[in-house]
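Working notes for the structure below.
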């Protein structure tokens, strides 16, 4: 038996005369269909920059604080797909993947994160960080920021300039090297 | 604030360019030694990394980091020659079979670590009688802050903290000589000290723990031998208040010690009825009903009444695993999820006075 909020009612009605029950069960079936439909509607559709439409579960949606606030505060029409002009279908599918695993994969989350990261090149990482920031997804944003940190932490200033597209205007600034635990505390 | 990315870099639209705010959010997570190196990326990065506001944001991110990437355990080593020794807390929690490698710093003079706050260590030079702030991550130091009359004095109770209203680092020191005992507060940057009201009780430990803008000690209350209270000194108003221990139906409390875990005041004591070490955390500082029982650590080794084998918490990971030190200055990891105690293998000798500090860019010059 499908357990729904209405399930309890089926049992109660079962004690009534049989012919009534038959009729009621038909009604209930209709009710259930309507409930299923209502749940479908709760799924929000998101439209990416390349015109793909995604149906997104409420549990995933609640990670996307920006979409949440669009729905809650601006009372937009949720029967039409919400346009996300900054996000490609490829990235949205990655984002949904990540949010899904983050919620339901409790055992191998670290393993998933490792695979997730490996599948991305630097450009894609940047795109995804921009998307996570735009949608305001804290878990993904923190994860990507930490990944960027790991990527650049041990690199040279030359690598950093290249990585972030920065022009070198520092002929005068000398390279500084500093160990974690440095200097002597004795010399004043 | 100047731009992190020069305008020229926006010229290739096919490559996404991260806006300044996002680059800043990444840089807030980068280790201090890397940031010092990144000062020469370009002029604007140099300006930003040198900005006290950036140092502050970086510190806040580091303190909140669940991975404890920027946390270090530091200890002054009583061996000759005197040393200050430090370990990455993250490595300690990983407990590699080869042991955790420390970083040493030799000293020609002898320093005592008074406390740590905002990535700064407050050191006391015991032969010449002055305090000094030191940021071990940047190597920067403050001016000396002399305790005045010397060498005929000793310091008993002491503590180091930050007055966030007047933006001053302060040291409390109870200074004694043959004639008098003075309870003094020294402020860095002003070379002035004030005498405040004497301690209303006699705490069990000399060193106060800094949390939520206060220094804290634990003391026996009145005549009865198992009633304890926490003496709290507000670093802004320089006045005392008292905090009661959690009100639990415990039979008898032995050797309570204070520590700071998750930026909250924490008390750990041995409880005779259960024969466990019990850790309580005060979620909202000063709010009596916010005491939360964190975990119970099984007692191992000798009889507790002999005072041996005390457990003191130093640091706690997000998954609940706690780093403890024992009376014999061993480090132990306790996992409350499976109840296992793991003795850590470390290289080098570690002193009993251990502190946790966060690597930061905060300047000790104030």
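Chains as they are written, first to last, in the working numbering: chain C, 1 to 188; chain W, 189 to 554.
Ideal Cβ placement from N, Cα and C applies to all residues, glycine included.
Note that the structure is a prediction, hence the values are computed from the model and not measured.
Check your understanding: Can you name the start and end residues of the beta strand (DSSP E) that residue 352(W) belongs to?
Key -> Segment: none, residue 352(W) is in no beta strand (DSSP E) and carries neither H nor E.
Check your understanding: I think residue 406(W) touches residue 446(W), with their Cβ atoms under 8 angstroms apart; what is that distance to the nearest whole Å?
Key -> 5 angstroms
Check your understanding: Would you call the segment 414-425 of chain W and the segment 342-355 of chain W touching, i.e. three or more CB-CB distances under 8 angstroms?
Key -> yes
Point to revise | CA-to-CA distance, residue 400(W) to residue 548(W), given in whole angstroms | key: 19 angstroms
Exercise for review: For residue 368(W), name the three-state secondary structure that DSSP assigns.
Suggested key: In the structure shown, residue 368(W) sits in coil (DSSP, three-state: anything other than H, G, I, E or B).
Point to revise | Contact list for the segment 213-236 of chain W against chain C, Cβ threshold 7 angstroms | key: 213, 214, 217, 218, 219, 221, 222, 224, 225, 226, 227, 228, 229, 230, 231 and 234
**Study point:** DSSP state of residue 127(C) mapped onto helix, strand, coil
**Key:** Secondary structure of residue 127(C) (DSSP, three-state): helix.
Exercise for review: Note down, in chain order, all residues in the segment 72-98 of chain C with a beta-carbon under 8 angstroms from any beta-carbon belonging to chain W.
Suggested key: Here the close residues number zero.
Exercise for review: Consider the Cβ of residue 162(C): report whether some Cβ of chain W lies at a distance smaller than 8 angstroms.
Suggested key: no
Exercise for review: Leaving aside the five residues before and after residue 545(W) along the sequence, list all residues of the same chain whose C-beta is less than 7 angstroms from its C-beta, in chain order.
Suggested key: 260, 262, 304, 307 and 309
Point to revise | Local conformation of residue 204(W) per DSSP, three classes | key: coil
Practice item. Take residue 243(W) and list the residues in its own chain whose beta-carbon comes closer than 6 angstroms to its own, dropping the five residues that flank it on each side. Key: 549 and 550
Exercise for review: Report the neighbours of residue 107(C) on chain W: residues whose CB is nearer than 7 angstroms to its CB, in chain order.
Suggested key: Within 7 angstroms Cβ-Cβ: nothing; residue 107(C) doesn't reach chain W, min ~14 angstroms.
Check your understanding: Rounded to a whole number of angstroms, what is the C-alpha to C-alpha distance between residue 85(C) and residue 57(C)?
Key -> 20 angstroms
Review point. Hey, is the segment 508-526 of chain W in contact with the segment 202-222 of chain W, meaning 3+ C-beta pairs nearer than 8 angstroms?
Key: no
Exercise for review: Could you work out which residues of chain W lie near residue 169(C), taking near to mean beta carbons separated by less than 7 angstroms?
Suggested key: 230 and 231
Point to revise | Pick from 448(W), 450(W), 420(W) and 415(W) that is closest to residue 434(W), judged by C-alpha positions | key: 415(W)
Practice item. Tell me whether residue 402(W) is buried or exposed, calling it buried when 16 or more other Cβ atoms sit within 10 Å of its Cβ. Key: So residue 402(W) ends up on the buried side.
Review point. Taking the alpha-carbon positions, what's the residue 470(W) to residue 139(C) distance?
Key: 27 angstroms
**Study point:** Whole-number beta carbon distance between residue 357(W) and residue 146(W), since they are thought to touch under 8 angstroms
**Key:** The question about residue 146(W) has no answer here: the residues shown for chain W are numbered 189 through 554.
Check your understanding: Between the segment 77-91 of chain C and the segment 42-56 of chain C, do three or more beta carbon pairs fall short of 8 angstroms?
Key -> yes
Check your understanding: Got a sec: is the Cβ-Cβ distance from residue 211(W) to anything in chain C below 8 angstroms?
Key -> At a cut-off of 8 angstroms between beta carbons, residue 211(W) contacts chain C.
Point to revise | Pairwise C-alpha distance: residue 398(W) and residue 543(W) | key: 11 angstroms
Review point. What residue does the beta strand (DSSP E) around residue 99(C) start on, and which one ends it?
Key: That residue, residue 99(C), is in no beta strand (DSSP E); its alpha helix (DSSP H) goes 89-104.
Point to revise | Option in 213(W), 373(W) and 396(W) with minimal Cα separation from residue 383(W) | key: 373(W)
Review point. Mind checking if residue 191(C) is an interface residue toward chain W, Cβ cutoff 8 angstroms exclusive?
Key: The displayed coordinates of chain C run from 1 to 188. Any statement about residue 191(C) would go beyond what the structure contains.
Check your understanding: From this set, 319(W), 487(W), 420(W) and 540(W), which residue's C-alpha is nearest residue 528(W)'s C-alpha?
Key -> 487(W)
Point to revise | Rounded Cβ spacing between residue 229(W) and residue 160(C) (contact assumed at less than 8 angstroms) | key: 5 angstroms
Practice item. Closer than 8 angstroms by beta-carbon distance: list the chain C residues that pair up with residue 206(W), in chain order. Key: Those are 126, 129, 130 and 164, listed as they occur along chain C.
Point to revise | Pairwise C-alpha distance: residue 538(W) and residue 268(W) | key: 13 angstroms
Check your understanding: Using a Cβ-Cβ distance under 8 angstroms, would residue 48(C) count as near chain W?
Key -> Residue contact check for residue 48(C) against chain W: no CB pair falls below 8 angstroms.
Check your understanding: Considering only residues of the same chain and omitting the five flanking positions on each side of residue 468(W), which have a CB-CB separation below 6 angstroms?
Key -> So the list reads 434, 455, 479 and 481, once near-sequence residues are dropped.
Check your understanding: Where does residue 345(W) land, buried or exposed, given buried means 16+ other C-beta within 10 angstroms?
Key -> Residue 345(W) counts as buried, since at least 16 other C-beta atoms from the protein chains shown sit within 10 angstroms of its C-beta.
Exercise for review: Anything in chain W within Cβ reach of residue 153(C), meaning under 7 angstroms, just list it in chain order.
Suggested key: 218, 219 and 222
Review point. By DSSP, does residue 494(W) sit in helix, in strand, or in coil?
Key: For residue 494(W), the pLDDT reaches just 47, beneath the cut-off of 50, and the residue's location in the model is therefore unreliable, leaving the point undetermined.
Review point. If we cut at 8 angstroms on Cβ distances, does residue 148(C) have a partner in chain W?
Key: Put simply, the CB of residue 148(C) is near chain W, with a gap under 8 angstroms to one of its CB atoms.
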